[in-house]
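In the numbering used here, the protein residues as written are 37 to 421. Here a beta-carbon is modelled for each residue, glycine too, at the ideal position from N, C-alpha and C. Data block below; observations after.
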Ligand SMILES: Cc1cc2nc3c(=O)[nH]c(=O)nc-3n(C[C@H](O)[C@H](O)[C@H](O)COP(=O)(O)OP(=O)(O)OC[C@H]3O[C@@H](n4cnc5c(N)ncnc54)[C@H](O)[C@@H]3O)c2cc1C
């Protein structure tokens, strides 16, 4: 990874464009949706319509033909306003979009990915199972060939947006004899909720709040055409490992956005809130906290953009993305927790967004590989590169 990189005017324009979108579409409604537990389906679709979902994909598949620094800036700005929306873009680009773009056939690239980029399809990625979390290759969902169809059977948990998805990329075992990484394939399931055998068991109540849709799903003899296999049979695990590099880059950017939002809210509050006859920022205990927040946010951003820059130069970024994801999401958790403290009782209330930032940050330390698993990835690379 190069030690130096730069953002161009193009990237700053991208940041401005996303911020305008957030101010117009997200910020007026986020607290209402959060309080009422409403999934922001229209916003998630309108992100696509605004050209912000398919940022790094080529224009011939409906993308914006921009680079991964633009993608990172986009996800960061969305997360500064609402992590839920940033997460939707990240799933679309990383775990779903990347394998479709890189390994899919013409229909999968142009129609499936095209629909995702345009916001016509909300996509979901179904890997995790009750007994296969960090050890994802231990999954038990099967896809068996029956003539010109695949028949899917299995139980998935934590499929983000699964219950509202127009398309689910399911990770399944297609070869019974093989265990572990081999014999795992990717099967696309368009319009899953119009199909026999796809059952939403429940939406998992979770720390992120009731607007979030984290679904538990069952697939009971779900039939899809044979051509819904993405890429080669048995190579799915390798494909998702590559997609995870992009997913982790995007999750790092989510961490940066959450940290930035928490910092800005804290700084503004510390300027205005007076106790003992002076703004609380003038107490060094609070001022130093603000200085540390700003420093860590900037460090997280630089690590994230450096990983994106390396990807833009064609490098494989497994280590860089894992480093950025771990550092930025740990920083987000610490900064959001400090933000609640700076705001005192108001930070603990739902009148300010910092308790939401704290709940959102916790999730980023867990998905796209827990930060322990990401540390293992970094460690492994240190001894193999
Ligand atoms: C908000 C949210 C959204 C998610 N979205 C999706 C999604 O869209 N699609 C999907 O497929 N999955 C999704 N997930 C699932 C997520 O990928 C898993 O939760 C994650 O991989 C960890 O699996 P687990 O929860 O089963 O934890 P476990 O694997 O049971 O781990 C429990 C603890 O043990 C630690 N641990 C496990 N193995 C090791 C090891 N080798 N070394 C050190 N520590 C270890 C973990 O770090 C963790 O702290 C989501 C999860 C959350 C919370």
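At a threshold of 6 angstroms, residue 402 counts as near ligand 1, since its beta carbon sits closer than that to one of the ligand's heavy atoms.
The closest heavy atom of ligand 1 lies less than 6 angstroms from the beta carbon of residue 408. When only Cα atoms are considered, residue 297 and residue 116 end up about 5 angstroms apart. Using a cutoff of 6 angstroms, the CB of residue 118 does not count as near ligand 1, since none of the ligand's heavy atoms is closer than that. Secondary-structure assignment with DSSP links residue 191 through a beta bridge to 254.
The shortest CA-to-CA distance from residue 86 to any of 110, 96, 94 and 103 is the one to 110. If you look at residue 180, you'll find it in the beta strand (DSSP E) that goes 178 to 182.
Secondary structure note for residue 276: its alpha helix (DSSP H) is the uninterrupted segment 272 to 308.
By the neighbour-count criterion, in which 16 or more other beta carbons inside 10 Å mark a residue as buried, residue 197 falls on the buried side. An exposed status is given to residue 44, since fewer than 16 other beta-carbon atoms sit within 10 Å of its beta-carbon. Residue 224 is bridged by DSSP to 205.
Between the C-alpha atoms of residue 355 and residue 419 there is a straight-line separation of about 11 angstroms. Taking C-beta separations shorter than 7 angstroms and ignoring five residues to either side along the sequence, the partners of residue 185 in its chain run 259, 260, 261 and 262, following chain order. In the three-state reduction of the DSSP assignment, residue 43 falls in the coil class, being assigned neither a helical nor a strand state.
In this structure, the straight-line span from the alpha carbon of residue 365 to that of residue 182 is close to 44 angstroms. At least one heavy atom of ligand 1 lies closer than 6 angstroms to the C-beta of residue 161. Separation of residue 413 and residue 150 (C-alpha to C-alpha, rounded to the nearest whole angstrom) is 32 angstroms. By the Cβ rule, the segment 284 to 295 does not count as touching the segment 153 to 162, because fewer than three pairs are nearer than 8 angstroms. If you ignore the 5 residues before and after residue 322, its C-beta comes within less than 8 angstroms of the C-beta of 306, 316 and 378, all in its own chain and listed in chain order. Taking 7 angstroms as the cut-off, the Cβ atoms of residue 171 and residue 283 do not count as close.
Per DSSP, reduced to three states, the secondary structure at residue 94 is coil, with no helix or strand assignment. Where residue 239 is concerned, there is no enclosing alpha helix (DSSP H), although the beta strand (DSSP E) around it starts and stops at 234 to 239. Sorting 108, 63, 239 and 177 by C-alpha distance to the C-alpha of residue 201 places 239 at the top. Counting only the Cα atoms, residue 396 lies some 11 angstroms from residue 242.
For residue 76, there is no enclosing beta strand (DSSP E), as DSSP marks it with neither H nor E.
Distances from the CA of residue 112 to each of 94, 89 and 145 were compared; the closest alpha carbon is that of 89. Ligand 1 approaches residue 399 closely enough that one of its heavy atoms is under 6 angstroms from the residue's Cβ. Apart from sequence neighbours up to five positions away, the residues of its chain that approach residue 217 with a beta-carbon distance below 7 angstroms are 173 and 273, ordered along the chain.
In terms of Cα proximity to residue 416, the closest of 346, 319, 330 and 359 is 359.
With respect to the 7 angstroms criterion, residue 344 and residue 128 are not classified as neighbours on the basis of their beta carbons. Secondary structure at residue 259: strand, using DSSP grouped into helix, strand and coil. Excluding sequence positions up to five before and after residue 337, its CB lies within less than 6 angstroms of the CB of 292, all in the same chain and listed in chain order.
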